[in-house]
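Residue numbers (this note's numbering): 882 to 1159.
Cβ atoms here follow ideal geometry from the backbone N, Cα and C, with glycine treated the same way.
Notes follow the structure.
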Amino acid sequence: MINFYCIFANIFMNRLELIEQIQIKKSMLCVGLDTDMNKLPVDIERSMDGMLKFNRAIIDSTKRYAVCYKINTAFYEQYGAKGWECMEATLNSIPSECLTIADAKRGDIGNTSSMYARAFFENMDFDAITVAPYMGEDSLKPFFEFKGKWVICLGLTSNVGSKDFQSLKVNGKYLYEQVIETVSEWGTTDNLMFVTGATKASDLKHIRTIVPNHFLLVPGVGAQGGSVADVCTNAANADGGLLINASRSILYASNGIDYADKAAEEARFLQKEMAKYL
């Protein structure tokens, strides 16, 4: 059965500590724990206990190369209470020196956002949460009110449908530009990051002119086709300034009993690529 007792509490990581970890590990790697039960290796039981066993093995094998772990909450929420328990146990298995992100994409009217913030920042003690800014400042303000936590706002995403709204021109600017400019005034470089997809590397250089000092969470490297070289060339800054996420390419590097070793190999390969820019 799952053991939910956490011996080591997750400790908040501020900006200077995050930069220090990047320099120590020569890495900007964020491992995405988007664990699909149907894709577990052949020797892992298709169950909550199996998912947790798999997650812990991935974390243990990649922690020397990663500075961050991102848990996509949908992969756990689909299973109800047992899924939440697995997510919490996974969170508690992440080393305290690594930043933890709840990839939940929340954002609603103020009092509802306050409840979301309490759920992920107080109850589960994530360091950061992804949010959707469509409803405006009052929908994100409650997240900023939690001291020592990070808000990661959707900026320019890598999905095909991003063109439907994000790339529309509004008063001479792309909507994503307006979003990043406006939201950057609501937080600081100490509590605000932006999501910018790796498959849109050509836009990253421009985004850096808008927010030169903010951290960017960059999904899309690996299975989605994004390139570490393109991302770092266009968006790295003096502090590194990036959390480059890889999920499927690490999680499912092997379907056999060597899955953890193969995950470590893929994480090490990505870390070596990132080290060239640090």
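Taking Cβ to Cβ, would you say residue i is nearer than 8 Å to residue j?
i	j	result
D1163	T1011	No information on residue 1163 is available, as it lies outside the stretch 882 to 1159 that the chain covers here.
I939	A1127	no
N1118	P1093	yes
V1049	C911	The sequence shown places Leu at residue 1049, rather than the Val named in the question. No, these two residues do not count as a Cβ contact at 8 Å.
I1088	I1125	no
M1005	C967	no
L1037	Y1057	yes
L972	F935	no
Excluding sequence positions up to five away, which residues of its chain have a Cβ less than 7 Å from the Cβ of residue i?
i	result
D917	F956
G1068	F1025, V1032
D1111	A1082
D1120	I900
M909	I903, V948, G1121, L1123, L1124, I1125, M1155
Please report the straight-line C-alpha distance between residue i and residue j, rounded to a whole angstrom.
i	j	result
E1147	L1073	29 Å
K1157	T993	43 Å
S974	D941	9 Å
S1083	T1077	11 Å
T1090	E901	24 Å
M996	S1020	11 Å
V923	G1029	40 Å
M932	S1130	17 Å
K1081	S1043	11 Å
K1054	T1063	12 Å
V1051	D1045	13 Å
I892	K906	Confidence in I892 is poor, its pLDDT being 47 and thus under 50, which makes the residue's placement unreliable; the coordinate value appears in the next sentence. Looking at the two C-alpha atoms, the distance is approximately 18 Å.
T1114	A962	43 Å
Q1047	R1149	34 Å
E1169	E958	Here the chain covers residues 882 to 1159 and nothing more, so residue 1169 does not appear.
L1132	Y960	20 Å
Using a Cβ-Cβ cut-off of 6 Å (strictly less than) and excluding sequence neighbours within five positions of residue i, which residues of its own chain qualify?
i	result
P976	K944
A1134	K1143, A1144, E1147
A1013	K986, G988, L1035
I925	G931, F935
E1154	V1109
D915	N953, F956, S1128
C887	Note that C887 has pLDDT 37, beneath the 50 cutoff, so the model's placement of it is unreliable and the number below is only indicative. If we look at C887 and ignore the five residues flanking it on each side, its Cβ neighbours are N973.
G1107	A1079, T1080, G1101
Looking at C-alpha atoms only, which residue of the options is the closest neighbour of residue i?
i	options	result
L980	D924, T1038, I903	I903
Q1152	D941, M996, K1081, V1109	V1109
G964	R927, G991, G1078	R927
N895	T1063, V1032, K907	V1032
G913	I982, L897, D1045	I982
L897	E978, E1018, G961, R937	E978
L921	R937, K907, K906, S908	R937
N953	R1149, M909, D1120, A1009	A1009
N1136	S908, M909, N919, D915	N919
A1116	L1132, L1159, R1149, F1150	L1159
Taking 7 Å as the cut-off, is the beta-carbon of residue i closer than that to any non-hydrogen atom of the ligand GTP?
i	result
R1129	Judged by which ligands are present, the structure shown has none, so any question about the ligand GTP falls away.
Might you give, ordered along the chain, the residues of its own chain that have their beta carbon closer than 8 Å to the beta carbon of residue i, omitting 5 neighbours on each side?
i	result
H1095	S1065, T1070, L1073, M1074, F1075, G1122
N1040	G1078
M1016	G988, D989, I990
Q1059	V1051, N1052
(request) Decide yes or no for the touch test of the segment 947 to 963 against the segment 1133 to 1144: beta carbon pairs closer than 8 Å, at least 3 of them. (result) No, they do not touch.
(message) Contact between the segment 1018 to 1029 and the segment 993 to 1007 is defined here as three or more beta-carbon pairs at a separation below 8 Å; is this criterion met?
(response) Touching, yes.
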